[in-house]
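A.B. asks:
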Amino acid sequence: MHERRHNARTSQLTGLLLPLADRNLILPNVAVAELIDYQASAFDLDTPPWYLGRVSWRERQIPLLSFESACGQKVVIGERARIVILNALGGLPQLKFIALLVQGIPRSYKLDSQLSYVDVPLCALEQAAVQVGEQVAKVPDLLGLEQLLVEAGLIH
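Numbers given in the working numbering equal positions in the sequence shown, counted from 1, plus 14.
See the structure below:
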């Protein structure tokens, strides 16, 4: 008896692998507005260690965060440091974008809907770990990052 194979097309989405100092993050392409050069920013010493001040982008001042530091690690600004501008998801009128410090150029990956999850320890701001090519990448909790800014009183 001849079986008809159901041609289920897996939906593909393009992800961006963001290299950090001690991990990789994976985000859907649509989450990233732009990659810009690293710019040092002024910040007060009484702000949380993960808050690196504000960067100028398209005539806006965008809060710059270190994901590693938000997860309890050291802030690293390497020689390949760049800044990724992310579209904020929380719908706060005063927070349209977040800037994230990355270490190098993000790479684009085709992801299918069947992501293979990896069982590794996650920090509170990581929702999952997935296998992307040869590497394990963490799925960041972007709403959690936005909430950090609100709770720290950095968004008014």
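By construction, the Cβ of each residue, glycine as well, lies at the ideal position given by its N, Cα and C atoms.
Classify S80: buried if its beta carbon has 16 or more other beta carbons within 10 angstroms, exposed otherwise.
C.D. replies: It is buried - the Cβ of S80 has at least 16 other Cβ atoms within 10 Å.
A.B. asks: State the beta-bridge partners of L77 as determined by DSSP.
C.D. replies: Before going further, note that residue 77 is Pro rather than Leu in the sequence given. Paired residue(s): R68.
A.B. asks: Let me confirm a value: L27 is counted as buried when at least 16 other C-beta atoms fall within 10 Å, else exposed. Which label applies?
C.D. replies: So L27 ends up on the exposed side.
A.B. asks: For L49, name the three-state secondary structure that DSSP assigns.
C.D. replies: Correct three-state label for L49: strand.
A.B. asks: Just checking my contact of D36 with E82 at CB under 8 Å: how many whole Å lie between their CB atoms?
C.D. replies: Contact flag correct, Cβ pair sits at about 6 Å.
A.B. asks: Can you give me the C-alpha to C-alpha distance between L157 and A95, rounded to a whole angstrom?
C.D. replies: Approximately 23 Å between the Cα atoms of the pair.
A.B. asks: Sort out for me which residues DSSP pairs P33 with in a bridge.
C.D. replies: BP columns for P33 point to N38.
A.B. asks: Would you mind giving the Cβ-Cβ distance between I91 and A113, rounded to the nearest angstrom? I have them listed as a contact below 8 Å.
C.D. replies: That belief does not hold up - the Cβ atoms of I91 and A113 are roughly 13 Å apart, past 8 Å.
A.B. asks: I need the DSSP call for A84, collapsed to helix, strand or coil.
C.D. replies: In this structure, A84 counts as helix in the three-state DSSP scheme.
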